[in-house]
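Residue numbering for the sequence shown follows the working numbering, starting at 226 and increasing by one per position.
See structure below.
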Amino acid sequence: MTREPYRVAAAGLPERVTVYEVGPRDGLQNESVVVPVEVKAEFVARLAAAGHRVIETTSFVHPKWVPQLADASELLAAVERLPGVRYPVLVPNERGLDRALEHGVQEIAIFASATETFANRNLNRTLESQFTMFEPVVARALEHGLRVRAYVSMCFGDPWEGPTPVAQVVSVGRRLLDLGCYELSLGDTVGVGTAGHVAALIGAFGGPERLAVHFHDTYGQALANTLAALREGVTVVDASTGGIGGCPYAESATGNLATEDLVWMLHGLGVETGLDLRSLVETSTWLATELGRPSPSRVVQALAAGLTTERDVKE
Ligand code: HMG
Ligand code: MG
Numbered sequence: 226m227t228r229e230p231y232r233v234a235a236a237g238l239p240e241r242v243t244v245y246e247v248g249p250r251d252g253l254q255n256e257s258v259v260v261p262v263e264v265k266a267e268f269v270a271r272l273a274a275a276g277h278r279v280i281e282t283t284s285f286v287h288p289k290w291v292p293q294l295a296d297a298s299e300l301l302a303a304v305e306r307l308p309g310v311r312y313p314v315l316v317p318n319e320r321g322l323d324r325a326l327e328h329g330v331q332e333i334a335i336f337a338s339a340t341e342t343f344a345n346r347n348l349n350r351t352l353e354s355q356f357t358m359f360e361p362v363v364a365r366a367l368e369h370g371l372r373v374r375a376y377v378s379m380c381f382g383d384p385w386e387g388p389t390p391v392a393q394v395v396s397v398g399r400r401l402l403d404l405g406c407y408e409l410s411l412g413d414t415v416g417v418g419t420a421g422h423v424a425a426l427i428g429a430f431g432g433p434e435r436l437a438v439h440f441h442d443t444y445g446q447a448l449a450n451t452l453a454a455l456r457e458g459v460t461v462v463d464a465s466t467g468g469i470g471g472c473p474y475a476e477s478a479t480g481n482l483a484t485e486d487l488v489w490m491l492h493g494l495g496v497e498t499g500l501d502l503r504s505l506v507e508t509s510t511w512l513a514t515e516l517g518r519p520s521p522s523r524v525v526q527a528l529a530a531g532l533t534t535e536r537d538v539k540e
């Protein structure tokens, strides 16, 4: 049975896209029942086996703030880190960096807010003082030869402040890039962005250079928003296995863009990912069993239900 989309290339898209997998971090951080560390380690191993070359593995945040990821040290000790695969972790401050360095982490991600309210809720900082927290983290990480990615959250809108002014996102994002971060991931934390807004934001940055996109799918816009970003030239897209995820400090944040749905779209467009869709679907189904509920991914659901294409029927 064919388990891949029909491939019909479209003009104006990149030939290849890097899928930055956030399932073990953004996907799991919102799970209320603690997932055993062995299951997390198997999850990461399965993702690497499916072809992922970048897997955001966990967070060195305050364990009381995100209890699900309090086992970050144990997990890093349990994960076999394969050559050619990057295993970044989230780090908010110097205490988090110290913990990451103890485990030989080679890539970290800091995460800033584009809005005052979310900086306060997610980081216990003001918009301005979040930079005081991040500056020494990035400086020390670079001294240690680490790669540093930056997120900027609430890029399109914020549940407390409404639409986020584009100029404010660009200002926060530019400051993060200027610290020496190799990439800036534009986070639609609560999923309120739409395709025109995505194109306008990327345009306001002056183009796609060093930009990645990170969409949550609250209003079902994540794939459309991704396509808009690809048309602007973005080649790094964040996604989470099955579309699980959310942010504990933004109640309206639902799951991320599902990796399998993203890969289905990309392969259908003839865009290479290096990922094996079948393995991704198996991993998503396995994880769903571990979490005790069906995978939210539409592609996983369609394949599990045995829905076929016309070509399948002829085979
Ligand atoms: P704070 O309470 O202001 O921290 O939290 P503090 O600096 O005042 O320190 C208080 C105590 O915590 C101290 O201990 C520190 O050592 C300890 P004491 O001296 O009192 O015994 N501490 C830590 N312990 C372990 N690890 C640490 C750490 N830091 C301090 N790293 C902090 C500030 C930033 C730590 C806290 O607000 C926090 O952990 N926030 C993280 C929240 C979070 O993880 N949110 C989800 C991730 S963001 C997201 O999902 C969005 C994203 O996906 C993109 C998008 O969707 O847009 C990335
Ligand atoms: Mg997120």
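Where a beta carbon is used, it is the ideal one built from N, C-alpha and C, also for glycine.
{"Check": "How about residue 333 and residue 325: do their beta carbons lie closer than 7 Å?", "Outcome": "yes"}
{"Check": "Please state whether DSSP places residue 246 in a helix, a strand or coil.", "Outcome": "strand"}
{"Check": "Look up residue 374 in the DSSP assignment and say whether it is helix, strand or coil.", "Outcome": "strand"}
{"Check": "Can at least three beta-carbon pairs, one atom from the segment 490-497 and one from the segment 266-283, be found at a separation below 8 Å?", "Outcome": "no"}
{"Check": "Quick check: the Cα distance between residue 450 and residue 427, rounded to an integer number of angstroms?", "Outcome": "11 Å"}
{"Check": "Taking the CB atoms as reference points, tell me whether residue 403 and residue 340 lie closer together than 7 Å.", "Outcome": "no"}
{"Check": "Put residue 226 into one of helix, strand or coil per three-state DSSP.", "Outcome": "Here the model assigns residue 226 a pLDDT of 49, short of 50, so the residue's position is not dependable, and the following value carries that caveat. Three-state DSSP puts residue 226 in coil, outside helix and strand."}
{"Check": "Among 229, 237 and 246, which has the Cα closest to the Cα of residue 461?", "Outcome": "246"}
{"Check": "Can you name the residues that DSSP bridges to residue 388?", "Outcome": "382"}
{"Check": "Say yes only if the C-beta of residue 206 is nearer than 6 Å to one or more non-hydrogen atoms of the ligand MG, and no if none qualify.", "Outcome": "Because the chain is modelled from 226 through 540, residue 206 falls outside the range shown and cannot be assessed."}
{"Check": "Mind the definition here: the segment 240-255 touches the segment 475-494 only if three or more C-beta pairs lie below 8 Å; say whether that holds.", "Outcome": "yes"}
{"Check": "What distance in whole Å lies between the Cβ atoms of residue 411 and residue 391, which are believed to be in contact at a cut-off of 8 Å?", "Outcome": "Not a contact, Cβ separation roughly 11 Å."}
{"Check": "Suppose you measure from the CA of residue 317 to the CA of residue 524; what does that come to, to the nearest Å?", "Outcome": "34 Å"}
{"Check": "Looking at the strands, I want to know which residues DSSP matches up with residue 311.", "Outcome": "279"}
{"Check": "List the endpoints of the continuous beta strand (DSSP E) containing residue 439.", "Outcome": "436-440"}
{"Check": "Report the rounded CA-to-CA distance for residue 538 versus residue 509, giving the unit in angstroms.", "Outcome": "Unreliable positioning characterises residue 538 in this predicted model, as indicated by a pLDDT of 46, which lies under 50. A coordinate reading is not provided."}
{"Check": "Work out the CA separation of residue 452 and residue 234 for me, nearest whole Å.", "Outcome": "13 Å"}
{"Check": "How about residue 374 and residue 408: are their beta carbons less than 7 Å apart?", "Outcome": "yes"}
{"Check": "Quick one: measure Cβ to Cβ for residue 468 and residue 521, integer angstroms, because I've assumed they're closer than 8 Å.", "Outcome": "4 Å"}
{"Check": "For residue 255, which three-state DSSP category applies?", "Outcome": "coil"}
{"Check": "Which of helix, strand or coil does DSSP assign to residue 409?", "Outcome": "strand"}
{"Check": "Does DSSP put residue 338 in a helix, a strand or coil?", "Outcome": "strand"}
{"Check": "What I want to know is whether the C-beta of residue 376 ends up closer than 6 Å to one or more non-hydrogen atoms of the ligand HMG.", "Outcome": "yes"}
{"Check": "Please determine, among 365, 473, 482 and 457, the residue with the shortest C-alpha to C-alpha distance to residue 463.", "Outcome": "482"}
{"Check": "For a test of the three-state rule: what should DSSP assign to residue 538, helix, strand or coil?", "Outcome": "The predicted model places residue 538 with a pLDDT of 46, which falls under 50 and marks its position as unreliable; any figure quoted below should be read in that light. In this structure, residue 538 counts as helix in the three-state DSSP scheme."}
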